[in-house]
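Engineer:
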Amino acid sequence: MQNINMKLWLDSSWLGGTSQSYVESLYSDFLNNSNSVEMDWRARFLNISDFGEQLESCTKTSKNNLHFLDRNSEYVSSAKENPKKNIEPIQLLNLVNAFRCFGHQQAHLDPLQLQKHEKIEELDLAYHGFKDSDFYNRFDISSLNLNEQTMKLIDIHALLKKIYCGSIGAEFMHITNKNEKQWIQKRLELVDRETIFSIKEKRDFLKTLTAAEGLERYLGSKFPGAKRFSLEGGDALLLVVNEIIYYSRKNNTHKVILGMAHRGRLNVLVNVLGKKPQDLFNEFFGKVSDNTRSGDVKYHMGFSSNIQTKEGIIHVVLECNPSHLEIINPVVMGSARALIDTLYQTDSNQVLPITIHGDAAIIGQGVVQETLNMSKVRGYQVGGTVRVVINNQVGFTTSNLQDARSSQYCTDVGKIVMAPIFHVMADDPEAVAFVTRLSLDFRRAFQRDVFIDLVCYRRHGHNEADEPSVTQPLMYQKIKKHPTVREIYANHLECTQVINKNDAIEMVNAYRSKLDSGEYIIPNCHPNSPNVFSLSSSKYSNVNLKYQKHLNLSHLQELATNISIVPTTVTMQSRVQKIYTDRFQMATGNKPFDWGAAENLAYATILEQGISCRLSGEDVGRGTFFHRHAVIHDQSNGSIYIPLKNINKNQGSFYVWDSVLSEEAVLAFEYGYAMASPKTLTIWEAQFGDFANTAQIVIDQFISSGEQKWGYQCGLVLLLPHGYEGQGPEHSSARLERYLQLSAENNMQVCVLSTPSQLYHILRRQAQDELKRPLVIMSPKSLLRHPQAVSSLDDLATGTFQSVIDEIDQVDYQSVQRVIFCTGKVYYDLLNKRRQNNQNYIAIIRIEKLYPFPYKELENIFQQYSNAHDFIWCQEEPQNQGAWYIIQHPLREILTPGSLLRYAGRSASASPAVGHTSIHYQQQQDLVNDALTIK
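In terms of the UniProt record's numbering, the sequence shown has 672 at position 672, counting the first letter as 1, and numbering is strictly consecutive.
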C-alpha cells in the first residue's frame, strides 16, 4: 500500500476546469499499468506522497472528485504487506474528510427532532469502497488528528460520527486558510469532550440553567400575559454568555460589549449583568424612576456592570437596541473599535464584541452582510466578533424553510467572510460550553469572526400574548411534551452521580428565594447606573478640556502653513499639487480660504489640542468632489502621506478611512464609535446627502432619539452634500426636511452652512463641547469652489460660528421693504441677482442653524428692520420638502403683528429634483425672481 500525498495536486490545476476528466483518465491508466502513461506523467504520479490536504480541497469543492479517487481503490494494497511505512488507504482519508465536510448535515442539532436529514452517501463506509470484511481491520491513523495510532475501521467510523455528527455540527471546510482549518480540526478531533469539564463546572452549568428557567417562570406567574420575549427553550444562551465573560477574562480580556435583540434580554440583564430583580418588577408594574426622558420598553434597555472573576474585574456592557433587530451589530463593533483605538492601543484582545441574533433576522436583514463585510476592513476591524444565533427555528409565525430562506442554514451568510460556524444543540449544555470556548479561542488566535448557532426552540409565541399553535401546530405539540434543558441536564448529572436529586431541587428553591427578596441575584456583579452609558471612561471625556474659542493669528497661520507643505520626497499628482500650492497661499494670507482648506485647518487645530479626529465615509480621503485631499497618494510608489498626522508629537490621532460601499452599517458603526469615544471628533460623510436614506434606521432609532430613549449622548457629525445644481433627483437633496422633522427637545443640531469659516468654527465647537449631541450639516457641492464662498484667515482666527448671518451689503435698514430668509447655496443666487437689479430695499438673511431655532439671534436682527412687513422664505427644494413646512412656524412666532410671510421656491413635487438641466435652470431662475419681485 502506497502513501499518496496530493500536495502537487493542490498547487497545480490538474483537477480543475476542463482538465479534470483528462487527468482522471491518465491516473486511472497509471494505476492499472504505470508504463501506459508518458514518463513525465508517470514521474509526477510516483512523486505524490501525502494526500490529506488535497483531499480536503477535492472533497469540499466537488463530490465528483470523491468518485475519481474511489473508482481507483484497487490501487490501495493491504497494510499488512508493508507495515513499516505508516500506510493509510486512500479511502480512509477520503472518509475522514467527508465527515469534516459533510458531517454537520447529519449532526443531531434539533432538540425537537423535527429536522429531517437527507442521507449523505459520502459518510457511509460502502461509498468509499470498504466491505464488511474491512470493519474489524486495524488501520494506521497516525497522520490524523486522533489520539490513537491504529484503530479498527468500525471504531474510526463511530468516532467520526461522534465528533462530527453528535450535538455539534462544525462547518469550517469552506475556509481557505489552511492553518485555520487545521487548528479547528485538531480542536475537534483531539479533545475528549466527556472529560473536559470538572464536577464544579458542571454544577455551575446547572445553576446557570436553573437561573435562566427560574426567572422566566417567575415572571410568567407574576405577570401573566405580559410581554417579556421569554428565553425559554433557548435557556442555554445564558450559559454561552457566562462562558464568554469568564473564559475571556482568563485570556486577559477586560471589556465585553454585547448587542442583542429583545429575546432573552431580561434574563441577561438580571442573571448576567446583575440588574436588581425588584427594578425589573417595577418596570412590569409601570413604575417610572425617571420622568425627564421618554424612555423605552424594558426589553430594549441596556445595562453595564463590573463583574468580579478570579482573574480580575471585567466590564460588561449590554447596549440598548430598538426593535430593528440586527442594526445593533455595527453599533457594537463601532463601540469596540473606539475602545481599541483609545484605551488599548490597537490590542483587540482587550475588547470582545458579542452580537446575539435571531435565526430569521440574521439571514433576512441586509445590515448583517454589510457588517460582516466590514469585519476585516482596516478602518472597521475589531479583531473578530463572536456572533451567537438563538436559532429557535421560527421567525414570528414563519418556520417553513421554503419561506424563511434560500439556504440550508440561517448562518450561511457567515461564509462570505470565511467564518467558522459551529452549530450546537441547545439541550446539550456541555456541548454548548465547549463550542463557546472553542469559538473564543479561535477568535483570539486568528482575529476573525466566528458563529455559534444555538439550535433550540421557542416555548411560547413570539411574545407571551401570542398563540403559536395557530401557525405551528405540530411544533408546539412537541414543545408541550418536551422537558426543559434544566430538567434534562439535572437528570444527566444525577445519572452520572455529579449531583443527587435534592441538589437540583435546592438550586431551584434557592433561586426562587432570591427573586422573592427582590435583591441582587449575582453576588460578584457591581452594576453601574442603568441610566448612564459607561463604555466611555471619564478620563477620556472632555470635562477637563480647556475650551479654545480662538487661536492666535500668527499661530493659526503657522499651523495652516505646516499642513500645506508636503515633503519633496512625495510625488504629488499635478492637480493635487496645485491645490496644496493654493493652500500655502491661503496660509500666507495671499488667497482666501476655500472649503477644503478651512476644513483641514479645523482638524489641525483640534488635533493640536490633543483631541483625536475620525473621518469616514465613501471616498472621504480625497473627497467625493475633489476638495479635501487629506490623504496624498505618491504617484511614484503608491504610498500615502497624511499632513494631519504630522503636526506634532503630542497631537491627537487622526483617522481617515474610505469606507466600504455601505451607508447603514457604516453610519451605525460611527454612531457606536462616537458614543464610546466622546473625546474623538467622529464624522461620517455621505457620498451624496440623499444616500443617507439607506441608513434611515440609524438616523431614526439612534441619532435623533437615542438620548431621549436611553440617555445616550453622542457627538457624531454627519456631512451630507446638498444643493441644487441640476444633477437630478438623486444628487441634489440631502432631505433636509427629514432631519428637521426629527428635531425636538434639543436632540441635535441641523445646519446649512454658506462659508468655510462657518464650517471651521462649528467643527471646533463640536469637538470641544462637553455636552455631546449629533450635528447634521448640509454640506455644499458647487460652493466648494464658488468664488464668493470663501473666508479670510482673520475670519477663522477672530470669528465665531453664527447661527444667523445678517445682510452683508450696505443697506438703509429703515428703507428695507422686504426681508428674504434663506439658507445654503441659494443665498448666492439671490445676492448676485439683487446686486444686478440694484434692489437695495431688499435684505437677505441667512439662517445657518435651522435647529435648535435661533430665536434670540433673529429677534436682535429684526429690530433693525422695523419698517419691513413683507417676508419671504426662499429655498431651492420643492415646497413639500426642504425647510419650509417646519421653519415657517418659528418664523411666524417672531414676526411683528401684521407681517406677511410667503414662500418662494419650487412647487411641491414627488421627486426631489428634475432630471433635465434646462428645466432645472428655468426653475432656479423663476424662484430667485419670485423672491425678489415686489408686486
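No residue lacks a Cβ here, since even glycine has one placed at the ideal position from N, Cα and C.
1. Would the segment 309–320 count as touching the segment 686–701 if we require 3 or more Cβ pairs under 8 Å?
2. My output table needs one value for V576: the three-state DSSP class, helix, strand or coil.
3. Where does the unbroken beta strand (DSSP E) through Y903 begin, and where does it stop?
4. Per DSSP, what kind of secondary structure is A158 in: helix, strand or coil?
5. Measuring CB to CB, does K649 end up less than 9 Å from C714?
6. Within 10 Å of its beta-carbon, does A908 have 16 or more other beta-carbons around it, so buried, or fewer, so exposed?
7. Could you pull the start and end residues of the beta strand (DSSP E) that L830 belongs to?
8. For the beta strand (DSSP E) containing N391, list its first residue and its last residue.
9. Note the first and the last residue of the continuous beta strand (DSSP E) segment covering F139.
10. Taking the alpha carbon of K186 as the point to measure from, which residue in G234, S792, I565, D441 has its own alpha carbon closest?
11. For K84, count the other beta carbons within 10 Å of its own beta carbon; 16 or more makes it buried, fewer makes it exposed. Which is it?
12. Quick check on the burial criterion: 16 or more other C-beta atoms within 10 angstroms. Buried or exposed for T569?
13. Using only the alpha-carbon positions, how far apart do K298 and V386 sit?
14. For the alpha helix (DSSP H) containing Y476, list its first residue and its last residue.
15. Would you list, in sequence order, the uninterrupted beta strand (DSSP E) runs of no fewer than 3 residues that lie entirely inside the segment 655–728?
16. Quick one: is K255 buried, meaning 16 or more other Cβ sit within 10 Å of its Cβ, or exposed?
17. Determine the burial state of H916: buried for a count of at least 16 other Cβ atoms within 10 Å of its Cβ, exposed for fewer.
18. Go ahead and label E893 buried or exposed: buried means 16 or more other beta carbons lie within 10 angstroms of its beta carbon, across all protein chains shown.
19. Near H722, what residues of its chain come up, given a Cβ to Cβ distance below 6 Å and the 5 sequence neighbours on each side ignored?
20. Can you pull the DSSP bridge partners for W884?
21. Scan the segment 165–237 and note each continuous beta strand (DSSP E) run of 3 residues or more that stays entirely inside, going in chain order.
22. Does the Cβ-Cβ distance between L607 and L796 come in under 9 Å?
23. Rounded to the nearest angstrom, what separates N291 and C320 at their Cα positions?
24. Which of helix, strand or coil does DSSP assign to K501?
25. Please state whether DSSP places R459 in a helix, a strand or coil.
26. Roughly how many angstroms lie between the CA atoms of Y855 and P774, to the nearest whole one?
27. How long is the line joining the alpha carbons of Q573 and D634, rounded to whole angstroms?
28. Can you give the Cα-Cα distance for V382 and V331, rounded to whole angstroms?
29. Roughly how many angstroms separate the alpha carbons of H869 and S899, rounded to a whole number?
30. With a Cβ-Cβ cutoff of 9 Å, do G621 and H627 count as a contact?
31. To the nearest angstrom, how far is the alpha carbon of P265 from that of H300?
32. Would you mind sorting S294 into buried or exposed? The rule is 16 or more other CB atoms within 10 Å of its CB.
33. Pull up the DSSP beta-bridge partners for I847, would you.
34. Using a Cβ distance threshold of 8 Å, determine whether the segment 672–692 contacts the segment 335–342, with at least three qualifying pairs required.
35. Could you compute how far the alpha carbon of K80 sits from the alpha carbon of L352?
36. Buried or exposed for R249, going by 16 or more other Cβ atoms inside 10 Å?
Structural biologist: On the basis of the supplied data:
1. no
2. helix
3. 900–906
4. helix
5. no
6. exposed
7. That residue, L830, is in no beta strand (DSSP E); its alpha helix (DSSP H) goes 826–837.
8. 386–391
9. From DSSP, the beta strand (DSSP E) with F139 extends over 138–140.
10. D441
11. Note that K84 scores 34 on pLDDT, short of 50, meaning its location in the model is unreliable and no value can be drawn from it.
12. exposed
13. Per the coordinates, the alpha-carbon of K298 lies some 25 Å from the alpha-carbon of V386.
14. 473–481
15. 681–685, 717–721
16. Of the other Cβ atoms in all chains shown, 16 or more fall within 10 Å of the Cβ of K255; this residue is therefore buried.
17. exposed
18. exposed
19. G689, A734, M778
20. Beta-bridge pairing links W884 to no other residue.
21. 168–171
22. No. Outside cutoff.
23. Near 18 Å, if we compare the C-alpha coordinates of C320 and N291.
24. Looking at K501 - three-state DSSP - the assignment turns out to be helix.
25. coil
26. 20 Å
27. 8 Å
28. The straight-line gap separating the alpha-carbon atoms of V382 and V331 is approximately 12 Å.
29. 4 Å
30. No.
31. In the sequence as displayed, the identity of residue 265 is Arg instead of Pro. So the two alpha carbons sit approximately 8 Å from each other.
32. exposed
33. V804
34. yes
35. Here the model assigns K80 a pLDDT of 37, short of 50, so the residue's position is not dependable, and the following value carries that caveat. So the alpha carbons of these two residues sit roughly 52 Å apart.
36. buried
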